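Positions 7 to 179 (our numbering) are the ones given, in order, by the sequence shown.
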Amino acid sequence: MGISYSTPQLFAAALGLQSPWEVVETRLDRTANHLRLTLDFARGARFACPACSTENCPVHDTEARRWRHLNFFQYACYIEARQPRVRCPNCGVKTVPVPWARPGSGFTLLFEAFTLTLMQDMPIRAVSDLVGEWDTRLWRVLDHYVTEARDQRSLAPVTAFGVDETAARRGHH
């Protein structure tokens, strides 16, 4: 027999949220064709410092943020939350990363993974049209992961490389 959930519990389970994070509101706007999930953390919650991992740092303040998530049926889904900044005794005030998105991204990790999978076999413009996002935003996601992969790859074994100069004869630089 299956487990019965309320709507916020269902979305919290689907997102894999853990304490202190919880879904506090779900709002489906049929005219705008989007679903908004509002997440928050419990009052008095404490977080680890993202820089030095000091536990139990108090929340200094929050910043309202919004991330694009995977579609919910035909509706674009957005996650909105107050992203906390903690006051660490060692490091000062630091922004706590949220578990559903990488720092600085306007997309959730699942949305990025989905679009990157599509980008392997489709032009980015086609992916943009399919997911309803600007192609420039998707190019930035791709650039982030390509740069990260390039930075992790060692070129120490390379001893020589060649350059094809035939294009230079045709006026290409």
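Note that beta-carbon positions come from the ideal geometry of N, C-alpha and C, so glycine has one too. Keep in mind that this is a model prediction, so the values were computed, not measured.
Residue burial classification, residue i (beta-carbon count within 10 angstroms, cutoff 16)
i: A107; result: buried
i: L136; result: exposed
i: L161; result: exposed
i: S25; result: exposed
i: A87; result: buried
i: P109; result: exposed
i: R131; result: exposed
i: P163; result: exposed
i: V102; result: buried
i: F167; result: exposed
DSSP three-state assignment for residue i, whether helix, strand or coil
i: A87; result: strand
i: V146; result: With the sequence shown as reference, residue 146 is identified as Arg, and Val is not the correct amino acid for it. R146: helix per DSSP, three-state reduction.
i: S36; result: Note that residue 36 is Arg in the sequence shown here, rather than Ser. Coil at R36, not helix or strand.
i: R176; result: coil
i: V164; result: coil
i: D141; result: helix
i: L43; result: strand
i: P64; result: strand
i: L76; result: strand
i: A70; result: strand
i: V133; result: helix
i: A19; result: helix
Member of the options whose CA lies at the smallest distance from the CA of residue i
i: G65; options: D157, V92, A18 and R146; result: In the sequence as displayed, the identity of residue 65 is Val instead of Gly. For the residues D157, V92, A18 and R146, the minimum Cα distance to V65 belongs to V92.
i: Q80; options: F167, T13, H150 and G138; result: G138
i: L23; options: A70, A38, I85 and T121; result: I85
i: D67; options: G98, A82 and W140; result: G98
i: G50; options: L16, A38, P90 and W73; result: P90
i: A38; options: A119, A20, A82 and R176; result: A82
Own chain, CB closer than 8 Å to residue i, minus 5 neighbours either side, in chain order
i: M125; result: V133, L144 and L148
i: P14; result: E28, V29, V30, E31 and T32
i: L116; result: H75, L76 and W106
Close Cβ partners of residue i (< 7 Å) along its chain, the five nearest in sequence each way excluded
i: A18; result: E28 and V29
Across the stretch 93-104 and the stretch 53-60, are there enough close Cβ pairs to call them in contact, namely three or more that are closer than 8 Å?
yes
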